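Student: Going by our numbering, the first residue of the sequence shown is number 443, and it counts up by one from there.
Note that the Cβ used here is the ideal one computed from N, Cα and C, for glycine as well.
Just so it is clear, the structure is predicted and the values come from calculations on it, not from any experiment.
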Amino acid sequence: MKLLVVEDEKLLAESLKTLLEEKGYQVDTVYDGITGEEYANLNIYDLLILDVLLPGQNGYQIARKLRSHRCGTPILMLTARSELEDRVEGLDAGADYYLTKPFDSRELFACIHALLRRQGPQVNELSFGNTSLDLFSGTLFCGQKSLRLSAREFDVLRLLMQNPKRNLSKERILAHVWGYDSNAVENHVEVYVGFLRKKLAGIGSNIRIVAVRRLGYHLEVTDKC
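1. Three-state secondary structure (DSSP) at Val494?
2. So who's on the other strand from Ile649, going by DSSP bridges?
3. Since Leu489 and Leu557 should fall inside the 8 Å C-beta cutoff, what is the C-beta to C-beta distance between them, to a whole number of angstroms?
4. CA-CA distance, Arg600 and Ala535?
5. Under a three-way DSSP split, which group does Arg559 fall into?
6. Where does Leu518 fall in DSSP's three states?
7. Evaluate His555 with the Cβ neighbour count: other Cβ atoms within 10 Å of its Cβ, from every protein chain shown; 16 or more gives buried, anything less gives exposed.
8. Can you tell me the Cβ-Cβ gap for Ile645 and Cys584, rounded? I've got them flagged as a contact below 8 Å.
9. Consult DSSP for Asp528 and reduce its assignment to one of helix, strand or coil.
10. Could you check if Ile476 is buried or exposed, using at least 16 other CB atoms within 10 Å of its CB as the buried criterion?
11. I think Glu449 touches Tyr473, with their Cβ atoms under 8 Å apart; what is that distance to the nearest whole Å?
12. Would you kindly work out how many angstroms separate the C-alpha atoms of Glu567 and Gln503, rounded to a whole number?
13. Under 7 Å, do Val505 and Ala537 count as touching if we go by C-beta distance?
14. Determine, using beta carbons only, whether Leu462 and Leu445 come nearer to each other than 7 Å.
15. Hey, could you find the ends of the beta strand (DSSP E) Lys465 is sitting in?
16. For Lys452, which residues of its own chain have a beta-carbon under 7 Å away from its beta-carbon, when the five flanking residues on both sides are left out?
17. Using 10 angstroms around the beta-carbon of Pro516, count the other beta-carbons present and answer buried if the total reaches 16, otherwise exposed.
18. When you compare only the Cα positions, how much space is there between Lys459 and Leu520?
19. Less than 7 Å between the C-beta atoms of Val633 and Asp597, yes or no?
20. Note down the Cα distance separating Val494 from Thr542, rounded to an integer number of angstroms.
21. Cutting at 6 Å between CB atoms, please list the residues of its own chain near Arg639, excluding the five before and the five after it.
22. Ignore the nearest five residues each way along the sequence and tell me which others in Val469's own chain have a CB closer than 7 Å to its CB.
23. With DSSP as the reference, identify every bridge partner of Arg590, one or two as the case may be.
24. Cβ of Phe551 within 7 Å of Cβ of Glu595?
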């Protein structure tokens, strides 16, 4: 499960990241509204945790833009504001829950679990063709066969399975898997796509990773197993 925390108080953001990672979540943190919107629009997160007061643009603005683009990712909004009008504005903007600072970590996790449960089975597993990817264990399943993916392989395949018929550029895959600030190059994507192709073939999957020149990669179902 991959979460995005958008919080300008860096100490709080890093504390949230540590807490969430201890529970087994993958967590990215950003510290301003502009970058937060850019990350959220990657459509790779299971949950967004947005602070209201952010430099660049506030959490309400981010939520409204995401919902106007039909982004259905659950949003948990954090704020020091406790007035009813503020909570109503957050919910009207598209937030699914509004948590007032300071909050107990138990309440935070209860909110996260409740929001993730609403997403149904697709949160726990992605499927395409005859192949499924378990999001908790990073295991690939095809019939009676299964294998565990490395962290990089998992992130690449997960992104492809979340956007199965869309061409994803190497730049987008690099940004998602290695991060915007990484020194990784396009060859890294090519190498991991090669690893995944071999593993998919090895378990008899009927999905293949198709390369389209200058556009990137997408998944297709083939009759050949």
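Tutor: This is what the structure holds:
1. coil
2. Val663
3. 6 Å
4. 29 Å
5. helix
6. strand
7. exposed
8. 4 Å
9. helix
10. exposed
11. 7 Å
12. 31 Å
13. One point to set straight first is that residue 505 is Ala, not Val, in the sequence displayed. A contact, by the Cβ cut-off of 7 Å.
14. yes
15. From DSSP, Lys465 is part of no beta strand (DSSP E); its letter is neither H nor E.
16. Tyr473
17. buried
18. 14 Å
19. no
20. 10 Å
21. Ile651
22. Leu445, Val447, Lys459, Leu462 and Glu463
23. Thr581
24. no
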